[in-house]
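First up is the structure itself, then whatever we jot down about it.
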Amino acid sequence: MPELPEVEVVRRGLAAHIVGKKITAVRVNHPRAVRRHEEGPADLTARLLDNVVTGTGRRGKYLWLTLGSGDALVVHLGMSGQMLLGPVTKTEHLRVATLLDDGTAMSFVDQRTFGGWMLADLVTVDGTEVPVPVAHVARDPLDPLFDDAAVVKVLRRKHSEIKRQLLDQTVVSGIGNIYADESLWRAKVNGARIAESLTKPTLSAILGHAADVMRDALGQGGTSFDSLYVNVNGESGYFDRSLDAYGREGEPCKRCGAIMQRDKFMNRSSYYCPKCQPRPRR
DNA sequence: CCCCTCTCCTGATCGC
DNA sequence: TGCGATCAGGAGAGGG
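Heads up, the first sequence is in the numbering used here, so the first residue is 7 and it goes up one at a time.
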C-alpha cells in the first residue's frame with residue numbers, strides 16, 4: 007500500500023531512468039485508470055504522444071512527470087498502482103502502456119484501480135510549483151519547507167481524532183494507515199485521542215516520528231506486504247520486516263511486552279499497544 | 001465551515 | 001467444492 011516512502015522510491019526510479027526520454031506510443035487499456043483526466047482517454051493519449059519527460063515531482067502520495075509541453079502527468083498509485091519500466095510479463099492488470107524513444111516500456115499496472123493518470127497544468131502555491139490537482143494537498147513531513155509549528159497549530163484546533171487528522175492530506179500529506187499507526191506507536195499516543203486535547207510538544211513529537219519512520223522506510227526501499235507495491239523495477243520493499251505496530255495484533259509490544267491490539271475505527275484497522283497507548287475514555 | 005460516512009474496485013481468505 | 005461475506009484502504013463526494 008503505497009504511502010509517501012513507496013511513492014518516493016518510485017519517483018526516484020523514474021527520475022533516474024526516463025528524464026529526457028520521449029514518449030513514442032501510448033495505449034489506455036482501462037478507461038477507469040484515466041477517469042480523473044476529464045478530457046478523456048483519447049485526449050490524454052494524444053497529448054502524451056511525442057512529449058519529452060523533463061523532470062519529476064512528488065508531494066505526499068502524488069507523483070508527477072513534467073513534460074516538454076508544460077503539462078504535468080499526475081500519477082496516483084491509489085491502493086495497488088505500480089509504475090513499471092521494462093517488459094510487463096503479467097498483463098492482467100496493465101491499465102496504461104507507453105513506449106519511450108529508447109525502447110523502454112513504461113507501464114501503469116493497478117489491480118484495484120483506485121489509482122490513475124491525468125494531465126494537468128502547473129500552478130505555484132506558497133512558492134512551490136505543483137500540478138493543479140495537487141494544489142490542495144499539504145506539504146509532507148519530508149518536504150524541506152514543511153512547517154511543523156504551523157501544522158501543530160492546525161491540529162490544536164481540531165475537534166477530531168488525531169489519527170483521522172494524520173490521514174487528512176490537507177493537514178499533512180504522505181501519511182497513510184500504516185505510517186499513522188507507526189508514528190502514533192512511537193509517540194505513545196492512541197489514535198482515538200482528540201487532536202485538540204494533545205499538547206503542542208506531543209503533536210510536534212507525532213509529526214517528528216512520522217518524518218522519522220518515513221525516512222527509515224525510504225532508506226529500506228518502502229513497505230510491502232502482498233507484492234501489490236513494487237518499485238519501478240518490480241522489486242518489493244523491505245520495511246515491513248521492521249514495523250513496530252501495523253499488523254502486529256496479538257504480538258508483544260516491542261517496547262513494553264503488552265499484547266498489541268487491533269481496533270476498528272474509520273472503517274479501518276488500527277494497531278496499538280494498550281499499555282503504551284491507552285485508549286481515551288469515551 | 002467543520003466533521004464524518006459512504007463509495008469506488010479486485011482478489012485473497014474465511015466460514016458454512 | 002462452491003459460494004457469499006469480509007477485508008484491505010486513498011480520497012473525493014455528499015450529508016448533517
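Each residue gets a CB set at the ideal place from its N, CA and C atoms; glycine is no exception.
- request: Name, in chain order, the residues that DSSP records as bridge partners for V34.
  value: In the first sequence, the residue the question calls residue 34 occupies position 28. Beta-bridge pairing links V34 to V102.
Problem - Contacting residues, own chain, Cβ-Cβ under 7 angstroms from R274 (five flanking each side not counted) - result: Within the first sequence, the letter at position 268 stands for residue 274. If we look at R274 and ignore the five residues flanking it on each side, its Cβ neighbours are N183.
At which residues does the beta strand (DSSP E) containing T130 begin and terminate? One-based indexing of the first sequence puts residue 130 at position 124. Run containing T130: L128 to V131, per the beta strand (DSSP E) assignment.
Exercise for review: With D146 as the anchor, note down where its alpha helix (DSSP H) starts and where it stops.
Suggested key: Translated into positions along the first sequence, residue 146 becomes position 140. First-last for D146: undefined, no H or E at that position.
| message | So, with DSSP's three-state summary, where would you put Y185? | response | To locate residue 185, count along the first sequence from 1; it is residue 179. Reduced to three states, the DSSP call for Y185 is helix.
Q: Evaluate M272 with the Cβ neighbour count: other Cβ atoms within 10 Å of its Cβ, from every protein chain shown; 16 or more gives buried, anything less gives exposed.
A: The residue you call residue 272 lines up with position 266 of the first sequence. M272 comes out exposed.
If you follow the alpha helix (DSSP H) that K164 is in, where does it begin and where does it stop? As a first step, residue 164 is located in the first sequence; it is residue number 158 there, counting from the start. It is not in any alpha helix (DSSP H) - K164 carries neither H nor E in the DSSP assignment.
Handout entry: Residues near H215 in its chain [Cβ-Cβ closer than 6 angstroms; skip 5 each side]
Key = If you number the first sequence from 1, residue 215 lands on position 209. Excluding sequence neighbours, H215 sits near S189, R192 and A193.
Please classify T95 as buried or exposed, where buried requires at least 16 other C-beta atoms within 10 Å of its C-beta. As a position in the first sequence, residue 95 is number 89, starting the count at 1. Looking at its Cβ environment, which holds fewer than 16 other Cβ atoms inside 10 Å, T95 is exposed.
Q. Where do the N-terminal and C-terminal ends of the alpha helix (DSSP H) with M220 fall, by residue?
A. By one-based count along the first sequence, residue 220 stands at place 214. Note, M220: alpha helix (DSSP H), K206 to G225.
- DSSP on E45, reduced to helix/strand/coil? Residue 45 sits at position 39 when you count from the first residue of the first sequence. In the structure shown, E45 sits in coil (DSSP, three-state: anything other than H, G, I, E or B).
- Message: For F152 and D218, I'd like the C-alpha separation in whole angstroms.
- Response: Locating residue 152 in the first sequence gives position 146, where the first residue counts as 1. Locating residue 218 in the first sequence gives position 212, where the first residue counts as 1. Straight-line Cα distance between these residues: approximately 14 angstroms.
DSSP state of P150, grouped into three classes?
Here residue 150 corresponds to residue number 144 of the first sequence, with the count starting at 1. P150: coil per DSSP, three-state reduction.
| task | Compare the beta carbon distance of L105 and A22 with 8 angstroms and say whether it is the shorter of the two. | result | If you number the first sequence from 1, residue 105 lands on position 99. If you number the first sequence from 1, residue 22 lands on position 16. Contact: no.
Within the same chain, show all residues whose beta-carbon is closer than 8 angstroms to that of G76, passing over the 5 residues directly before and after it, in chain order. Locating residue 76 in the first sequence gives position 70, where the first residue counts as 1. If we look at G76 and ignore the five residues flanking it on each side, its Cβ neighbours are D127 and L128.
Q) With distances taken from CA atoms, which of N196, L161, L125 and Q175 is nearest G307? A) No statement about residue 307 is possible, as the shown extent of the chain runs from 7 to 288 and does not include it.
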